[in-house]
Amino acid sequence: MDRERKAILRSALQFVDVTGHRRTSISDKFSPLEVPQEDLPHVGPFIAPSPELLYMLLPEPTATTPQSSSVQWPDHISDKTLEKMASTLLSDNDHEHGQLFYQYCVCVYVKAIFHLYQKPRAYKDPRINAQFLKSKKLYETYAFRALRSLNFLNAPTLPFVQALISAAFFMQYLGNMSQSWILNSHAARLITALGYHEIRNPVGNSSLDKEIHSVLCWCFYLDRTLSTLLYRPLSLPEPRISPTDLITVDQSLPHNPLLRILFDLAQVQGELLNCGMADNTRQIIANHSRLQERMEAIYSKIQSSRVSTPSYIASDWISCEFSYYAILVDILRSRLKCTFSPLTHKECVSYSRKSLRALHHIQKNLADTPGFVDPYPSFLTWTVFLYPLSPFFVLFCNIIGELDMDDYNLMQDITQSLSQFAASPYISKLPKLLDYLQNLCIPLIQAKQRMDPQVKVPTLYPSMTGTWHDHPATHENAHLLMARSPYMDPVARAYPQQLQTPSDGGYAPDDALMWQLFNSELSLEWFESDSFYH
13 MDRERKAILR SALQFVDVTG HRRTSISDKF SPLEVPQEDL PHVGPFIAPS PELLYMLLPE
73 PTATTPQSSS VQWPDHISDK TLEKMASTLL SDNDHEHGQL FYQYCVCVYV KAIFHLYQKP
133 RAYKDPRINA QFLKSKKLYE TYAFRALRSL NFLNAPTLPF VQALISAAFF MQYLGNMSQS
193 WILNSHAARL ITALGYHEIR NPVGNSSLDK EIHSVLCWCF YLDRTLSTLL YRPLSLPEPR
253 ISPTDLITVD QSLPHNPLLR ILFDLAQVQG ELLNCGMADN TRQIIANHSR LQERMEAIYS
313 KIQSSRVSTP SYIASDWISC EFSYYAILVD ILRSRLKCTF SPLTHKECVS YSRKSLRALH
373 HIQKNLADTP GFVDPYPSFL TWTVFLYPLS PFFVLFCNII GELDMDDYNL MQDITQSLSQ
433 FAASPYISKL PKLLDYLQNL CIPLIQAKQR MDPQVKVPTL YPSMTGTWHD HPATHENAHL
493 LMARSPYMDP VARAYPQQLQ TPSDGGYAPD DALMWQLFNS ELSLEWFESD SFYH
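Residue numbers for the sequence shown follow the working numbering, beginning at 13 and rising by one.
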């Protein structure tokens, strides 16, 4: 049994290591504004938004409390801003369209995509949904073409920033997180050039002030979450004021409490990227403790805010729960790299389960989420494709270390659910990764099932007394073993020398192999290589 587990660890590490190092060999196949040809099914000239489309998007002036059929996920384009853009597009009769025209077109078409994305909540007729899907594909095509018409040498302007953030949301919605980061990073540079990041007073009530506050909030959110996801440096300087304080105080918007939570979580992610840069271990531990306290406060907000949540956005809060625990797992993994604690490790495994159980709940209740008319439910791009994969690696390690059948069944259920969403070229590769890791465990699980239930299998994980199976580990040598990990260091953002296995064909110590896999950092950027599984 022990030799079988070591072999599985070694195979998993080899696979993840090869996968990770392919990042440096990915050819520059696409420019930031290029997309695979299959993403552009409709060939032809660019078509401006029709008056009918603009009429559809404009909100009813008498609208009061949102209903489940009309509620829209908020973004940086308010109703007032959209009205201004529609007015400009309707009055533009010049065939030589300028940059402002294309900037507004990007915003409007992305807005239209998300508008239709909500429609399946209200309409169940398959013919209507088929037309929605056809229209959404057209809007995607025209959004791409408008984006390609933007001149990135233009002077910084607020509409240019708005168009770039809309484009970043669009790429994120498709699952192309790397291009989403690139577009949002350019928006961050323009925001910095315009000085918006230096806002100190959130009181401004003019329409222009609100537009500026909104782009700053959403650029901040995308910058922190995507940079953490892709292990890249931050692009937007730390704002003078917390983005949470810039959110509109309009209490009639049902998503407002959730947005505050997401921006708070993004703030934590940004701080976690720099958490290990302190001068000494004591300070690093203090930084982690401070972040954990922040997470406890955020959790209290989640619990209190969900009490008054309308039922039609309940699934959004479950997605938030997945994200919360995924970030908490990342914090605890980062802490364990600095100093080992059996209790911290146990918490890390527990929170990984909670994160993946939240994801599994959404998968089992797709009818409660929007976007299920698509070839894949778009909630995936707001959960497993926007937040770290840490819970998957932690639970996979626990399956090997503890032979936990419940964890194995949970991973199996999630992988099987994801495998049906192969239509997206980005999402389809995630189930393949999880399926590969899960299949490695099958012989181990089968051996466990053949054993007498009374037989106690020794663990490859630390016990609550702080010792390892066959290999006693102190805090000091555990730290040294983790420091030798061949995977990306989140602080140095480099690949240390790979840990060598014995030349006699034996294995590295159990704890070294386990910690390497436990601390694996797999950026979704690597999924974009065509040779990923070749």
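Glycine included, C-beta positions come from ideal geometry on N, C-alpha and C.
Beyond the five residues adjoining it in sequence on each side, Ile203 comes within less than 7 Å, by CB distance, of Val173, His209, Val227, Leu228, Cys231 and Leu248 in the same chain, given in chain order. Scanning its chain for C-beta atoms nearer than 6 Å, with the 5 sequence neighbours on each side dropped, one finds around His225 the residues Leu258, in chain order. At least 8 Å separates the beta-carbon of Ala167 from that of Cys119. In this structure, the CA atom of Asn286 is about 19 Å from the CA atom of Ile253.
When Cβ pairs closer than 8 Å are counted between the two stretches, the segment 313-333 is seen not to touch the segment 288-305, the count staying below three. Ranking Arg369, Asp221 and Thr381 by CA distance to the CA of Ile426 puts Arg369 first. Remark: C-beta atoms of Ser431 and Asp447 approach each other more closely than 8 Å. Excluding the 5 residues flanking it on each side, Leu340 has same chain C-beta neighbours closer than 6 Å at Met307 and Tyr363, in chain order. In the DSSP annotation of this structure, the continuous segment of the alpha helix (DSSP H) that includes Asn299 starts and ends at Thr293 to Arg318. Judged by DSSP secondary structure, His357 falls within the alpha helix (DSSP H) whose first and last residues are Pro354 to Lys376. Residue burial annotation: Ser99 is exposed, with fewer than 16 other C-beta atoms found within 10 angstroms of its C-beta. In the structure shown, Arg212 adopts coil according to DSSP, grouped into three states. In the three-state reduction of the DSSP assignment, Gln130 falls in the coil class, being assigned neither a helical nor a strand state. Each residue's CA atom was taken as its position, placing Pro389 and Gln466 some 43 Å apart.
Counting along the chain, Ile343 sits inside the alpha helix (DSSP H) bounded by residues Ala326 to Cys350.
If you draw a straight line from the Cα of Met183 to the Cα of Lys146, it is about 19 Å long.
Residue burial annotation: Pro400 is buried, with at least 16 other C-beta atoms found within 10 angstroms of its C-beta. Each of Leu170, Gln111, Leu186 and Ala158 was checked against the Cα of Lys222, and the nearest Cα belongs to Leu170. Relative to Leu398, the option among Met189, Ala155 and Leu65 whose CA is nearest is Met189.
Pro266 is the residue among Ala298, Phe27 and Pro266 whose C-alpha sits nearest the C-alpha of Ala326. For Met289, there is no enclosing alpha helix (DSSP H), since its DSSP letter is neither H nor E. DSSP places Gln184 in the uninterrupted alpha helix (DSSP H) bounded by Leu170 to Leu186. Residue environment analysis places Phe144 among the buried positions, since at least 16 neighbouring C-beta atoms fall within 10 angstroms of its C-beta. Distance between Phe433 and Leu25, taken at the CA atoms: about 26 Å. The C-beta distance from Asp276 to Thr256 rounds to 6 Å, short enough to fall under 8 Å.
C-alpha of Asp342 to C-alpha of Tyr154: approximately 38 Å in a straight line.
Looking at Ile411, Ser440 and Phe58, the one whose alpha-carbon comes closest to that of Gln458 is Ile411.
Excluding the 5 residues flanking it on each side, Pro443 has same chain C-beta neighbours closer than 8 Å at Thr427, Leu430, Ser431, Phe433 and Ala434, in chain order.
Where Met417 is concerned, the enclosing alpha helix (DSSP H) starts and stops at Met417 to Ser431. The residues Leu238 and Leu242, in chain order, have a CB closer than 6 Å to that of Trp193 in the same chain once the five nearest residues on each side in sequence are set aside. Apart from sequence neighbours up to five positions away, no residue of its chain approaches Arg22 with a beta-carbon distance below 6 Å. Excluding its 5 nearest sequence neighbours in each direction, Val396 has C-beta neighbours in its own chain below 7 Å: Leu371 and Leu442, listed in chain order. Collapsing the DSSP output to three states places Glu95 in a helix. Rounded to the nearest whole angstrom, the C-alpha separation of Ile20 and Ala200 is 43 Å. Residue burial is scored here from C-beta neighbours: Met423 has at least 16 other C-beta atoms within 10 angstroms and is therefore classed as buried. DSSP, reduced to helix, strand and coil, places Arg17 within a helical segment of the structure shown.
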